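Read through the structure below, which is laid out as structure tokens, and then see the notes.
In the working numbering, the protein residues as written are 185 to 480.
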């Protein structure tokens, strides 16, 4: 092989490398084709997977469908959420919802349980990660053409300083120049009432009008029509949840023995919540060698 051939081989190799990089670039920026409408007929829940500026709806083959009637100690907020969603699925006006409060009190379970209650009426759930909120326009565009009713669900929502997705979410909640789709609502859970961080310096100095800076940070939560608050459970509520699960799963333990072990578990966990109650019952069932039925 002469020098000319070697030079052409090196040039060809570099061209192949450049073409590979260009292909990868296009894969990340060319939006995928719109979803087949039959996808939303066959499946109830979806995950949005971001790809460049767009993404795809990935069906969840085995969605978690908790029974809302199993949720205790949160009757008022659960019933408000069901009422709002019931209005939405039949085509009446309804609000976007922020469920905020103590961890483990049933915020996410409430939202997922709506599918069991309303899926036959056309409700579908799309889980969107906080970091993917910047692609909300790509999510909304195909869904507004579908006959089903969609809840976009973001679990554990909050924003740090300068994080993306904040502006896109504000547009979805209140609408921009484009009309808000009537078949889409946004439900989010958070451990904090205000979704953007508030700092002492917002009130102590820096800006000529600090009240405007604080107001901007509070405005996102205010754009949710419903703000449902979840508080920590007292001991009686926690024990009632434990007793409900123990009865539902036919555990061969009750009375004082069940109460004593449940309280010890709460001390061990440092929490009295619906989540810790279910974790205790799972642990107890394992120790008693009782197989719990899978939720459907």
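In this text, a Cβ means the ideal position worked out from N, Cα and C, and glycines have one as well.
Note that the coordinates shown come from a computational prediction; the quantities given were computed from them, not determined experimentally.
- Residue environment for residue 274: exposed (fewer than 16 other C-beta atoms within 10 angstroms of its C-beta).
- Linking residue 287 to residue 255 through their CA atoms gives a straight-line distance of about 15 Å.
- By the criterion of a C-beta distance shorter than 7 Å, residue 223 is surrounded in its chain by 241 and 243, once the five residues flanking it on both sides are discounted.
- Look at the stretch 290-343 and you find these whole runs of beta strand (DSSP E), each 3 residues long or longer: 307-311 and 333-338.
- The C-beta of residue 444 has fewer than 16 other C-beta atoms within 10 Å across all chains shown, which makes the residue exposed.
- The C-alpha of residue 308 lies about 9 Å from the C-alpha of residue 225.
- Under the three-state reduction of DSSP output, residue 288 falls in the coil class, being neither helix nor strand.
- A Cβ-Cβ contact shorter than 8 Å links residue 412 with residue 265.
- Taking 8 Å as the cut-off, the beta carbon of residue 433 is found no closer than this to the beta carbon of residue 446.
- Going by DSSP, residue 231 is part of the beta strand (DSSP E) stretching over 229-235.
- Under the 10 Å beta carbon count, residue 260 is surrounded by fewer than 16 other beta carbons and is classified as exposed.
- The beta-carbon separation of residue 474 and residue 435, rounded to 6 Å, stays under the 8 Å limit for a contact.
- Annotation for residue 368: the continuous beta strand (DSSP E) segment containing it runs 368-374.
- Within its own chain, the residues whose Cβ lies closer than 8 Å to the Cβ of residue 300, once the five positions on either side in sequence are excluded, are 249, 250, 251 and 252, listed in chain order.
- The stretch 332-339 and the stretch 304-319 touch, with three or more beta-carbon pairs separated by less than 8 Å.
- Contact check for residue 458 against residue 289 passes: the beta carbons are separated by less than 8 Å.
- Separation of residue 453 and residue 427 (C-alpha to C-alpha, rounded to the nearest whole angstrom) is 18 Å.
- Pairing residue 369 with residue 272 gives a Cβ-Cβ distance under 8 Å.
- In the DSSP secondary-structure assignment, residue 243 is bridged to 230.
- Residue range 458-471 is occupied by the alpha helix (DSSP H) that includes residue 460, with no beta strand (DSSP E) assigned at that position.
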